[in-house]
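Step one of this worksheet: look at the structure below.
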Amino acid sequence: MMEKFEEAVLKAINEYNKYHSPEAKARLIKIGEKGFTVDFEGVFCFSCGVYDYFEDLIYELKNFTVEDVEILSFKEYEPEKIRVEYGFKRTSQLSMENP
Numbered sequence: 001m002m003e004k005f006e007e008a009v010l011k012a013i014n015e016y017n018k019y020h021s022p023e024a025k026a027r028l029i030k031i032g033e034k035g036f037t038v039d040f041e042g043v044f045c046f047s048c049g050v051y052d053y054f055e056d057l058i059y060e061l062k063n064f065t066v067e068d069v070e071i072l073s074f075k076e077y078e079p080e081k082i083r084v085e086y087g088f089k090r091t092s093q094l095s096m097e098n099p
């Protein structure tokens, strides 16, 4: 299953880059059982709606998988480079079982 999800993430990043580059470009850094990490690079870092760029990748991902993800954190680690941690959302059934 993880290989299939990684393939979906890579497809989503490819689509994302098709529409956002050169202003913003995404690159998969790592993927694990709890989520994945993506680096974003570009001049978008100076805009006031920078969070929207990270959410756009989630929308692209929905075209390739049923997994529901959310942004856990993000941090600028170099000028014009931001690392974003995405995690899997808990299903409503799990949330109801473990309030």
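My numbering applies: residue 1 is where the sequence shown begins, and numbers increase by one. Ideal Cβ positions, reconstructed from N, Cα and C, are used throughout, including at glycine.
Asked, Found
"How would you label E6, buried or exposed, when you count the other beta carbons within 10 angstroms and need 16 or more for buried?", "exposed"
"Excluding the 5 residues preceding and the 5 following D68 in the sequence, name in chain order all residues of the same chain whose CB lies nearer than 6 angstroms to its CB.", "K89"
"Could you give the first and the last residue of the continuous beta strand (DSSP E) run that contains E76?", "69-78"
"Suppose you measure from the CA of E85 to the CA of Y77; what does that come to, to the nearest Å?", "13 angstroms"
"Can the beta-carbon of G35 be found less than 8 angstroms from the beta-carbon of L72?", "yes"
"Spell out the partners DSSP gives A26 in its beta bridges.", "F40"
"Contact defined as beta carbons within less than 8 angstroms: I believe V43 pairs with A26. What is the distance between those atoms, to the nearest angstrom?", "Rounded, the Cβ-Cβ distance is 14 angstroms, inconsistent with contact."
"Would you please verify whether the beta carbon of E80 is less than 8 angstroms from any beta carbon of chain D?", "Within the model displayed, chain D is absent; a lone protein chain is all it includes."
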